Amino acid sequence: MLSEVQGRSTWLTLAAMLVAAALALWLLIRPELLSGLSMVWRMPAIGLGVWALGAAFMQALGLEFRRHWLRRATCPPVSLVALGAFTLLVAMRAFWLA
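For what it's worth, my numbering labels the leading residue of the sequence shown as -7, then goes sequentially.
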């Protein structure tokens, strides 16, 4: 029986999971960062957040999709770009409302 070894670095997966956990907690404490947006901006922001945070937690658990386009969208570097964009969005909203 052959097993496939993942080529990802452990520290990158851990860092992405920690950033995702910090963002999730931050949004639990201050939900107005996203709920204060107009509906036109709120839905894409929530979609980006679900994609970015979900992909970060999936990587940490070692889960992958079978379909190529879903696997590609939830694995680095695409998922890290989404996580960075969502982090930037939340940070900019926090500084704007401060």
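Glycine is no exception: its CB is placed at the ideal position from the N, C-alpha and C atoms.
Given the structure is predicted, the values throughout are model-derived calculations rather than measurements.
Asked                                                                               : Found
Boundaries of the alpha helix (DSSP H) in which L89 is found, first to last residue : 70 to 89
The alpha helix (DSSP H) enclosing L45, as first and last residue numbers           : 31 to 53
Span separating the alpha-carbon of A102 from that of R22                           : Here the chain has residues from -7 to 90 only, and residue 102 is not among them.
Boundaries (first-last residue) of the alpha helix (DSSP H) holding S27             : 24 to 27
Rounded C-alpha distance that separates L19 from L25                                : 7 Å
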